[in-house]
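Asker: Okay, here's the structure, questions in a sec.
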Amino acid sequence: MLSNISIFAEKKFVQKEFKRYTVTSALPYANGPLHIGHIAGAYLPADTYVRYLRTRGKEVAYVCGSDEHGAAITLRAKKEGTTPQQIIDKYHQINKDTFERFGISFDMYHRTSEQIHHKTSQEFFLNLYEKGEFTEKESEQFYDEEYKQFLADRYVTGTCPKCSHPAAYGDQCEKCGSSLNATELINPVSTLSGKTPVLRTTKHWYLPLDKYQPWLEKWLIEGKKEQWKTNVYGQCSSWLKEGLQPRAMTRDLDWGVDVPLPKAEGKKLYVWLDAPIGYISATKDWAKANNKNWEDFWKKQANEDDESCLIHFIGKDNIVFHCIIFPAILHAHGEYILPENVPANEFLNLEGEKISTSRNWAVWLHEYLDEFPGKEDELRYVLTSIAPETKDSEFTWKDYQARVNNELVAIFGNFVNRAVVLTHKYFDGQLPAASWEGVDNQVIKELETYPSKISESIEKYRFREALAHLMDLARLGNKYLADTEPWKLIKTDEKRTATILNVALQIAANLSVLCKPFLPRTSEKIATMLNMDDENWDNAGKADILLAGQNIEKPTLLFEKIEDKLVEEQVEKLQKSNSDNQKAEDVEVAPQKSEVTFDDFMKMDMRTGTILEAEAVPKSNKLLKFKVDTGIDTRTILSGIAKHYSPEEMVGKQVTILMNLAPRKIMGIESQGMILMAEDHDGKLRLIQPNEVTQNGMGIS
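Numbering (my numbering), first residue to last: 131 to 831.
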């Protein structure tokens, strides 16, 4: 929340005082380039917020960096036939350069491979260890016999036990968002060998999250109910309702931060322990270079009024780690402030499909910057206007074109351009004096309300709403010029024309200030044209930002139309990716799983059945509940296919059922079997059915 008391003409609202702000964006893995889904999720909202704070004169440390440990890095290295070090060096530099070119204004973009980070993470671990916060125990974890190594969570995939998604990871199901342990997966498979892993005993240090559950319920469930976004609060509530379990804070890996204990050879810190601590180590490095005290930005102060406000910007796949695990770690340490807010975004889809890095179904940011030079603000505008703030949203190239042409060019750019052009035409490029009357006073009164409206929306992390207010101000300027028609009035009333253009340029000056968090390059262009000296937010809402007589530079276009040809090229590029993926899928299929005996197969009782009734499961957007005639009985089966089939279209269909799967409760309903499905390359589920209707209960052999 904002650190000052803001009073504007229209309304007054009071926010909690904070001395300074520590703002973080999720550390991107250094295993590949950035795409627009990443930017819309965790980086553009944070940058907008940080730029806003700076225009208010607030002290801010905005930190991020490359996450260079964990399974994702080693997976990429194996895929490219190289070393993890070469992977992180390559992609750290690519992503750092891309962020800079796009204009994400980090104070520090760090690396978790830096020595200061290893030291900070190990000191944090030892602090908790010496306090007795960890439980040391042996447990069974998956081991790949072919590769002769224990498998990190992301090296294991299988069917989610909660939503039946067939491609869940060992730490999380990206379909339903559930936090998992690899041993919970149904039909687990090693991503290294494609074979079923075995369980072997290993020793690790566990953080007893169940111990912190009462504290988390008080701090989060009670304390954040009216403050956090509904999508974030809802996920956290669900996890806590299910009950937290101890989670291992170490892993058997050959890449990462060493566990700083004797007899812990081959053990590394769990990436979700060391990665968030990367925010702290990044702040340390930044503070050292800028003569600051890093503890001011992270640790509790003797005087609460001297404390910082910690805010994490992330995507929804990181909610559990930033809202439950990391706060529990900070709480266990005891010296650190806790996040004031975690305004996580949902996912951004692309042209009707989920963004997929493996399928190259993405708009890569570095490619956009190469192919659309000078159009950083255009992408910032579009991604903010469609931001997936509380639910998934979608980017299409046609929509991008429409928003740029119909909004930025036709409304925002057109207004500023007209005001400057007419001033040069009628008053030799000097701001004329004003003598307000009725319509001018009404417009100025409305102008005064915009800083308050935009501030309040930003402070509530409603960036789409804030941007809409900004565009309404541009619309106000356009309407004012259209209603007063200074190009006609100049023939009969030069004094009145002078007032109109003065007011119009004051609105343009306000746009320069108020668009700075959203469209920083555009703000600079307007400020240069208008010869503005002070762009402090507190001056916004005023009709005397510019002084009569000051020079106005010649107009330059703020935005250019996006031509059809450019959009068509981008659509064709994506279609080629789809075509290439299809060709690859024609020759590449999932590897064969480990062999089973005939006796193993005969244990599976698969039969035909007909769905008699179907309905959605309340409070779930994944599950459907079926009554199925199996030929020997009528039973209830739950299946996570609600995004692929409606209840109505499933009634009467004949399906294939795994009959003797042990019953299990899902969301309080006992499911007595499994409906067998096949999954396409695009994630679409298909029913496995007999090609002719047959009697229910017929066996599959």
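Cβ coordinates follow ideal geometry from the N, Cα and C atoms, glycine included.
In the DSSP assignment, the alpha helix (DSSP H) including His-334 goes from what residue to what residue?
Answerer: Mapped onto the sequence shown, residue 334 falls at position 204. Counting along the chain, His-334 falls outside any alpha helix (DSSP H), though it belongs to the beta strand (DSSP E) covering 328-337.
Asker: On a Cα-Cα basis, can you pick out the residue from Glu-743, Ala-808 and Met-379 that is closest to Lys-267?
Answerer: One-based indexing of the sequence shown puts residue 267 at position 137. Nearest of Glu-743, Ala-808 and Met-379 to Lys-267, Cα basis: Met-379.
Asker: Which class does Asn-681 belong to by DSSP, given the choice of helix, strand or coil?
Answerer: On the sequence shown, residue 681 is found 551 positions in, with the first residue counted as 1. Correct three-state label for Asn-681: strand.
Asker: In angstroms, rounded to a whole number, what distance separates the CA positions of Asn-475 and Leu-806?
Answerer: As a first step, residue 475 must be located in the sequence shown, where it is residue number 345. As a first step, residue 806 must be located in the sequence shown, where it is residue number 676. About 33 Å.
Asker: Does the Cβ-Cβ distance between Thr-152 and Thr-413 come in under 8 Å?
Answerer: Indexing the sequence shown from 1 puts residue 152 at position 22. Indexing the sequence shown from 1 puts residue 413 at position 283. Yes, Cβ-Cβ distance for Thr-152 and Thr-413 is below 8 Å.
Asker: Which residue wins for smallest C-alpha separation from Leu-552, given the options Tyr-511, Ser-523 and Glu-624?
Answerer: Residue mapping note: residue 552 aligns to position 422 of the sequence shown, counting from 1. Looking at the Cα atoms, Glu-624 is the closest of the given residues.
Asker: What are the boundary residues of the alpha helix (DSSP H) that includes Tyr-498?
Answerer: Residue 498 sits at position 368 when you count from the first residue of the sequence shown. Run containing Tyr-498: 495-501, per the alpha helix (DSSP H) assignment.
Asker: Let's see if you can read the secondary structure: which residues bound the alpha helix (DSSP H) around Phe-272?
Answerer: Looking up residue 272 in the sequence shown gives position 142. Here Phe-272 belongs to no alpha helix (DSSP H); instead the beta strand (DSSP E) covers 265-274.
Asker: Would you call the segment 324-331 in contact with the segment 273-288, where contact means no fewer than 3 C-beta pairs closer than 8 Å?
Answerer: Because the criterion of three Cβ pairs below 8 Å is met, the segment 324-331 and the segment 273-288 touch.
Asker: If I follow the unbroken alpha helix (DSSP H) through Pro-647, where does it start and stop?
Answerer: As a position in the sequence shown, residue 647 is number 517, starting the count at 1. Here Pro-647 belongs to no alpha helix (DSSP H), and DSSP marks it neither H nor E.
Asker: When the distance is taken between beta carbons, is Gly-782 closer than 8 Å to Asn-826?
Answerer: Translated into the one-based positions of the sequence shown, residue 826 becomes position 696. Translated into the one-based positions of the sequence shown, residue 782 becomes position 652. Cβ distance not < 8 Å, so Asn-826 and Gly-782 don't count as in contact.
Asker: Quick check on the burial criterion: 16 or more other C-beta atoms within 10 angstroms. Buried or exposed for Trp-345?
Answerer: Position 215 of the sequence shown, counted from the first residue, corresponds to residue 345. It counts as exposed.
Asker: Looking only at DSSP bridge pairs, what is Leu-788 linked to?
Answerer: The count along the sequence shown starts at 1 and reaches residue 788 at position 658. Leu-788 pairs with Met-736 and Met-804.
Asker: Given this structure, state the Cα-to-Cα distance separating Ala-634 from Arg-533, to the nearest angstrom.
Answerer: Counting from 1 along the sequence shown, the entry for residue 634 is found at position 504. Counting from 1 along the sequence shown, the entry for residue 533 is found at position 403. The straight-line gap from Cα to Cα measures roughly 23 Å.
Asker: Between which two residues does the alpha helix (DSSP H) containing Arg-181 stretch?
Answerer: Start at 1 with the first residue of the sequence shown, and residue 181 comes out as number 51. Segment 174-185, the alpha helix (DSSP H) holding Arg-181.
Asker: Which residues in the same chain have their Cβ closer than 7 Å to the Cβ of Glu-576, if we skip the five residues on either side of it in sequence?
Answerer: Translated into positions along the sequence shown, residue 576 becomes position 446. Within the same chain, Glu-576 has close Cβ partners Leu-606.
Asker: On the three-state DSSP scale, how would you describe Gly-827?
Answerer: Stepping through the sequence shown from its first residue, residue 827 is reached at position 697. DSSP places Gly-827 in coil when its eight states are reduced to three.
Asker: Touch check for the segment 420-428 and the segment 214-227: three-plus C-beta pairs under 8 Å?
Answerer: Segments in contact, no.
Asker: Looking at the structure shown, is Arg-533 part of a helix, part of a strand, or coil, going by DSSP?
Answerer: For this step, residue 533 is matched to residue 403 along the sequence shown. If DSSP states are grouped into helix, strand and coil, Arg-533 belongs with the helices.
Asker: The beta strand (DSSP E) that contains Ile-94, what's its start and end?
Answerer: No information on residue 94 is available, as it lies outside the stretch 131 to 831 that the chain covers here.
Asker: Below 8 Å, can you find three or more Cβ-Cβ pairs linking the segment 427-435 to the segment 459-466?
Answerer: Yes, the segment 427-435 touches the segment 459-466.
Asker: What are the boundary residues of the alpha helix (DSSP H) that includes Gly-364?
Answerer: Reading the sequence shown from its first residue, position 234 is the one you call residue 364. Taken as a continuous stretch (DSSP letters only), the alpha helix (DSSP H) holding Gly-364 covers 360-372.
Asker: Counting along the chain, where does the alpha helix (DSSP H) carrying Ser-515 start and finish?
Answerer: Residue numbering aside, residue 515 sits at position 385 when the sequence shown is read from its first letter. Segment 506-515, the alpha helix (DSSP H) holding Ser-515.
Asker: Going by C-alpha distance, which of Trp-402, Ile-485 and Asp-500 is nearest His-165?
Answerer: Here residue 165 refers to the residue found at position 35 of the sequence shown. That would be Ile-485, whose Cα lies nearest to the Cα of His-165.
Asker: Are there 16 or more other CB atoms within 10 angstroms of the CB of Phe-728, so buried, or fewer, so exposed?
Answerer: Taking the sequence shown and counting its residues from 1, the one referred to as residue 728 is at position 598. Exposed.
Asker: Could you give the first and the last residue of the continuous beta strand (DSSP E) run that contains Phe-545?
Answerer: Within the sequence shown, residue 545 is the residue found at index 415, counting from 1. It is not in any beta strand (DSSP E) - Phe-545 instead sits in the alpha helix (DSSP H) that spans 544-557.
Asker: May I ask you to list the residues that DSSP assigns as paired with Cys-194?
Answerer: Within the sequence shown, numbered from 1, the residue matching residue 194 stands at position 64. In DSSP, Cys-194 forms a bridge with Tyr-239.
Asker: Following the continuous beta strand (DSSP E) through Ser-523, name the residue where it begins and the one where it ends.
Answerer: Walking along the sequence shown from the start, residue 523 turns up at place 393. Ser-523 -> beta strand (DSSP E) spans 523-525.
Asker: Run through DSSP, which three-state label would Trp-667 get?
Answerer: Within the sequence shown, the letter at position 537 stands for residue 667. Helix at Trp-667.
Asker: Could you compute how far the alpha carbon of Leu-538 sits from the alpha carbon of Asp-507?
Answerer: Translated into positions along the sequence shown, residue 538 becomes position 408. Translated into positions along the sequence shown, residue 507 becomes position 377. So the two alpha carbons sit approximately 10 Å from each other.
Asker: Along the chain, where does the beta strand (DSSP E) containing Ile-796 start, and where does it finish?
Answerer: Position 666 of the sequence shown holds residue 796. 794-796 is the span of the beta strand (DSSP E), which, as asked, contains Ile-796.
Asker: Does the distance from the C-beta atom of Leu-95 to that of Ala-458 stay below 8 Å?
Answerer: Because the chain here runs from 131 to 831, residue 95 falls outside it and cannot be looked at.
Asker: Counting only the same chain and skipping the five closest in sequence on each side, list residues whose C-beta sits under 7 Å from that of Ile-410.
Answerer: Mapped onto the sequence shown, residue 410 falls at position 280. So the list reads Thr-250 and Trp-428, once near-sequence residues are dropped.
Asker: Would you mind working out which of Leu-399, Lys-703 and Ser-294 sits nearest Gly-770, comparing C-alpha positions?
Answerer: For the purposes of this step, residue 770 is identified with residue 640 of the sequence shown, where counting begins at 1. The residue with the shortest Cα to Cα distance from Gly-770 is Ser-294.
Asker: Could you please give the first and the last residue of the uninterrupted beta strand (DSSP E) stretch that includes His-442?
Answerer: Reading the sequence shown from its first residue, position 312 is the one you call residue 442. Counting along the chain, the beta strand (DSSP E) containing His-442 begins and ends at 438-443.
Asker: Does the distance from the CB of Gly-195 to the CB of Thr-228 come in under 8 Å?
Answerer: Numbered from 1 along the sequence shown, position 65 holds the residue referred to as residue 195. Numbered from 1 along the sequence shown, position 98 holds the residue referred to as residue 228. No, Cβ-Cβ distance for Gly-195 and Thr-228 is not below 8 Å.
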